Amino acid sequence: MPENNLLHISKFVAPEVIFGLGALSQVGESAYRIGITKAFLVSDRGVMEAGWVDKALAYLKELGIDSCVWYDLTTNPKDTEVAVAAGQYLESGCDGIIAVGGGSPIDVAKAIAILATNGGQIKDYEGVNKITSPLPPMVIVSSTGGSGAEVSQFSMIVEKKRQVKMAIISKSLIPDIAIVDPLLLQTKSARLTAATGVDALSHAIEAYVSLAATALTDVHALAAMRLIASNLRESVACRTNLEAKSAMAMASLQAGLAFSNAILGATHAMTHQVDGLLDLHHGETNGILMPYVMEFNMISCGEKFANIAEALGVQTTGLGKWKAAERGIVAVRKLFRDIGIPQRLSEVGMREEHVQKLSQNALKDACLVTNPRDTSAAEIEDLYRRAL
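For the sequence shown, the working numbering begins at 3 and goes up steadily by one.
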């Protein structure tokens, strides 16, 4: 085959997905089907207090599957936490991993799986395709409606010494089975609902304009944008609005499928550095930076940014692509204001003295490779300063 034809070949990877109200009930049967006899269940305190872990343990017990539970993690999980958890996994006699939670427990579950069969330290796997040995079987139950981590080939872990949020990317990290139950979204606070919804939108938008986007990732990205524009405000406003919760769970899933296969861009490359330094909520940091990055990237693919505006509900009839694209960014800013996302990095603790270090780190982030516009250190510094 001629070499230039290889440029037109793309891959799309995804786990088995079980979606719907009450889907958590499938966790025991799912674990049983992939050969787990003793599960190492990773979660966090909030999900445990909401009662979802107890429900999952009961479903596992019905299928005769024993469990160990680990939940000692922070919002932005650290390499030190992963090392402790991996050690406990190896001592436990467990033969599979289950996560019940949002992006943080899911990222840790994947990191545990890496160290369980590949050894070393989690920083050894920063970057793309560093995993060489097969991972233990994994079932992921998502609880937040935003991270998309249940279907992605990413794990994000902070290395404490460098204060950097590492991107670990490998198809090996895609779980065997992803379970998405919108009922789990009912126990989230309004602030967490807003932040995770913004995260989902940032996944959809960055995947859509990524240099690695394909026709298949575009379908999922645009569908996610439409669902978020129509349902995020309602989901933030009311915990018991199951129509909005179901729509946001689906949006998160589709945005996850899009970014897992198309990768991301400068927003995430920059956000990872801020989160690693200041230990902030990833979705809120994305919400502050994304409009500025959209303005920067717009000239690289104006037609796509016009399509984003249309997907977000902007009336674009009669507008040229550049005017439509600009109105799409206005719509993003309005959505974020409506749901209470902070507007400036200075509001969340970032200062001018951080800019240079964060910019240098962002240049090394794997997500920057697929940003649609070439980006220099000076341009990243300018974007940080505009958002301060």
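Cβ atoms here follow ideal geometry from the backbone N, Cα and C, with glycine treated the same way.
Predicted model only: the values in this text are computed from it and were never measured.
Asked	Found
For Lys40: DSSP bridge partner residues	Asp68
Test item: CB-CB of Ala271 and Ala209 under 8 Å	no
Cβ-based neighbour list, Arg47, same chain, cut-off 8 Å, excluding 5 preceding and 5 following	Tyr73
Own chain partners of Ala113 with C-beta closer than 6 Å, once the 5 adjacent residues on each side are dropped	Val84, Ile124, Ser157 and Ile159
Distance between Pro79 and Arg388 (C-alpha atoms, nearest Å)	28 Å
Host beta strand (DSSP E) of Ser157 (start-end)	Phe156 to Glu161
Integer-rounded CB distance, given that Thr195 should sit under 8 Å from Ser149	Wrong, their Cβ atoms sit about 13 Å apart, outside the cutoff.
Ala379 classed as buried or exposed, judged by whether at least 16 other C-beta atoms fall within 10 angstroms	exposed
Sub-8 Å separation of Pro138 and Asp81 beta-carbons	no
Closest residue to Asn99 among Ser69, Gly315 and Ser248 (Cα-Cα distance)	For clarity, residue 99 is Ile in the given sequence; the question names Asn instead. Ranking Ser69, Gly315 and Ser248 by Cα distance to Ile99 puts Ser69 first.
Within 8 Å, strictly: CB atoms of Asn233 and Ala246	yes
Which of helix, strand or coil DSSP assigns to Glu128	coil
Same chain, Cβ closer than 6 Å to Gln165, five either side skipped, listed in chain order	Gly278 and Leu279
Beta carbon of Leu26 nearer than 8 Å to that of Asp183	yes
Burial state of Pro374, where buried means 16 or more other Cβ atoms lie within 10 Å	buried
Limits of the beta strand (DSSP E) - the one that Met168 falls within	Val166 to Ile171
Extent of the continuous beta strand (DSSP E) to which Ala101 belongs	Gly98 to Gly103
Burial state of Arg353 (16 or more Cβ within 10 Å)	exposed
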